[in-house]
Amino acid sequence: MSQPIIIHWFRHDQRVSDNPALTAAADLGRVLPIYIHDTIHPGMHAMGAASRVWLHHSLADLSMSLGGDLAYFMGDPLPILLDLCQQHQVKTITWNRCYAPWQVTRDKQIKTALSAQGITVMSFNGSLLWEPWEVHKDNGDPYRVFTPFYRKGCLQVAAPREPLLAPTDCETVSTDRGLPLAALNLLPSLPWGEEIARHWDFGEQAAQRRLEAFIVEGLSSYKEGRNYPAKPYVSRLSPYLHMGQISPNQVWYMLRDEGVDSNVDHFCSELGWREFSYSLLYHNPDLPTQNLQAKFDAFPWQDNPERLIAWQQGKTGIPMVDAGMRELWKTGYMHNRVRMIVGSFLVKNLGVDWREGERWFWDCLVDADIANNSASWQWIAGCGADAAPYFRIFNPVTQGEKFDVDGAYVRQYIPELAHMPDKYLFQPWAAPRLVLQEAGVTLGTNYPQPIVDLKASREAALAAFASLKES
DNA sequence: TAGCTCGTTGGACAA
DNA sequence: TTTGTCCAACGAGCT
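Below, the structure written as structure tokens:
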């Protein structure tokens, strides 16, 4: 008698190696690999446009590594799963857990409904180093400060699971009930999607190559170098981690094999921040929409669509901010320090609600991740856990002078400022007329005047934050 | 249990 | 030019 068919439902685990649920499926029988584009449950956090581009290419790659047997579906997962189980006499489904609140609710319902039909679901941890419910204070409460969360809650409790090799004896089968990949309609009609795709290599092998390249060119300078957006000292692994082309466990152990020094420790603590975000989300399902600190509900945000649009389009007239926003639009990615600079600018200098920034990032980032994105926006706005103090307002001029010393980053994304001398590159409005003329810059014509005065808006923000304290 | 120290990412200003 | 101090307040963890 032939082996039973086990469905493995790929979600944020789009890889063959270190995939606990896929390995379990392969151990039990022949594997029917599927992907379901859920169009019913995500609500306002339906995947953004850049993530969909990433997903499309990632699925195409995954399908190849499964011998073309990956089957695509679209719609409501439960009836799709029930139909497949009936069609192929399937009694077991495996998946790796997802942690967005809507996914947690959905998966629970699906598990219950399938179990009522005599179908067993086996779920695994394939995307976090520590399960969010396993990390807590001695009294059982969740941590709200990163350092004790990571040092005591994570590091002192258990080492992360060691990564698994790809299953050697994984026999896959196909179904004729799936859709072609193109039918999922993930790619935008705009050429923008192709532009984004040009900046990345997709798939599991590409993720491994990215990690290896980072180890060679970035790791030994990571701790300091990670602050310089024009330098190759950051890993750029975030989109691969998000969609699961690589697991944090694989990254963790690959880096530690290099020998633990302060650079490796620092990078691992960044993985720790990812875990912290997931812990916050797990314990606060409203994190993407509600201020973690309720006193911020009274904050006097400005409703100013023109300013928001200028920020989104990289036309604020503040070079460091515009460079970041244009990097995002062009590549689907933004260097982490620049994310903090543009975030601080939107929230504190423009006075716009952090949720507007969260939404824009959600749509434009190839690594858009519900936990990281909402936790980080709350952090920069000051309303989150372990948040930046209200008086910590990034000055985009100073930040540029410190971290884009030779101006390479700004000049890359704002070619109209390419000939500005370093002295005025980060504040062209302060340049003498002759300097602007020689650089070919006419403010208000080929580069905007600043939409806000940095000093005055900083003081207004401090006053607004102080008003919270009194109320 | 009380008291103490510390906390991812900064800026402005005075000396 | 560089360095020290202040800008809050509070949770976590240590002694």
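Following our numbering, the numbering of the first sequence begins with 737 at its first residue and continues without gaps.
Cβ coordinates follow ideal geometry from the N, Cα and C atoms, glycine included.
Fair warning: this is a prediction, and the values are worked out from it, not measured in the lab.
When secondary structure is reduced to three states using DSSP, R766 falls in the strand class.
Shortest Cα-Cα distance from S1193 to any of S1080, V1000, W1098 and Q1114 involves S1080.
Annotation for H1071: no beta strand (DSSP E) segment contains it, and DSSP assigns it neither H nor E. Residue pairing by DSSP puts D774 in a beta bridge opposite G811. Separation of N1131 and A762 (C-alpha to C-alpha, rounded to the nearest whole angstrom) is 54 Å. For the pair I855 and L764, the Cα-to-Cα distance works out to about 14 Å. Cβ neighbours of H935 within its own chain (closer than 8 Å, five residues either side excluded): K1066, T1067, G1068 and Y1069. By the neighbour-count criterion, in which a residue is buried when 16 or more other Cβ atoms sit within 10 angstroms of its Cβ, I1045 is exposed. When secondary structure is reduced to three states using DSSP, T904 falls in the coil class, being assigned neither helix nor strand. As computed with DSSP, T830 is found in a beta bridge with H744 and M858. At a Cβ-Cβ threshold of 8 Å, A1111 and G1118 do not count as neighbours. Looking at P1157, L791 and Q1026, the one whose alpha-carbon comes closest to that of E1092 is Q1026. In this structure, L1204 places its C-beta atom within 8 Å of the C-beta atom of K1031.
Apart from the 5 residues on each side of it in sequence, N1040 sits with its Cβ closer than 8 Å to the Cβ of L1086, G1087 and V1088 in its chain, given in chain order. Look at Y1183 here: in three-state DSSP terms it is strand.
Non-local beta-carbon contacts of A1123 in its own chain, meaning distances under 6 Å to residues more than five positions away in sequence, involve W1115 in chain order.
Under the three-pair Cβ rule at 8 Å, the segment 898 to 905 does not count as touching the segment 927 to 934. Listed in chain order, the non-local C-beta contacts of E953 below 7 Å within the same chain comprise P968, local neighbours out to five positions each way being set aside. Secondary-structure assignment with DSSP links L806 through no beta bridge to anything. The criterion of a C-beta distance shorter than 8 Å is satisfied by R747 and W831. Close CB contacts of D1105 within its chain, under the 7 Å cut and outside five residues either way in sequence, are with H978 (chain order). Closest by C-alpha distance to S957, out of F1003, D1022 and R913, is F1003. By the Cβ-count criterion, V996 is exposed, with fewer than 16 other Cβ atoms from all chains shown falling within 10 Å of its own Cβ. Straight-line spacing of the CA atoms in V1177 and Y1149 works out to 15 Å. The criterion of a C-beta distance shorter than 8 Å is satisfied by G939 and D797. Going by C-alpha positions, T883 is about 13 Å away from L1007. When the Cα atoms are used, R1043 and I741 turn out to be separated by approximately 55 Å. Close CB contacts of S801 within its chain, under the 7 Å cut and outside five residues either way in sequence, are with V752 and E940 (chain order). Residue range P837 to A852 is occupied by the alpha helix (DSSP H) that includes R842. Annotated three-state conformation of L915 is strand, per DSSP. Note on geometry: alpha-carbon atoms of Q986 and L1153 lie some 41 Å from one another. Look at C1119 here: in three-state DSSP terms it is coil, with no helix or strand label. Y964 places its beta carbon less than 8 Å from that of F1139.
Secondary structure within the segment 1026 to 1085: the alpha helix (DSSP H) runs of 4 or more consecutive residues, fully enclosed, are 1041 to 1049, 1055 to 1067 and 1072 to 1080 (chain order). By the CB criterion at 8 Å, Q892 and A943 fall outside the cutoff. Between L1082 and the set T1181, V1188, R1169 and G1180, the nearest pair of CA atoms involves V1188.
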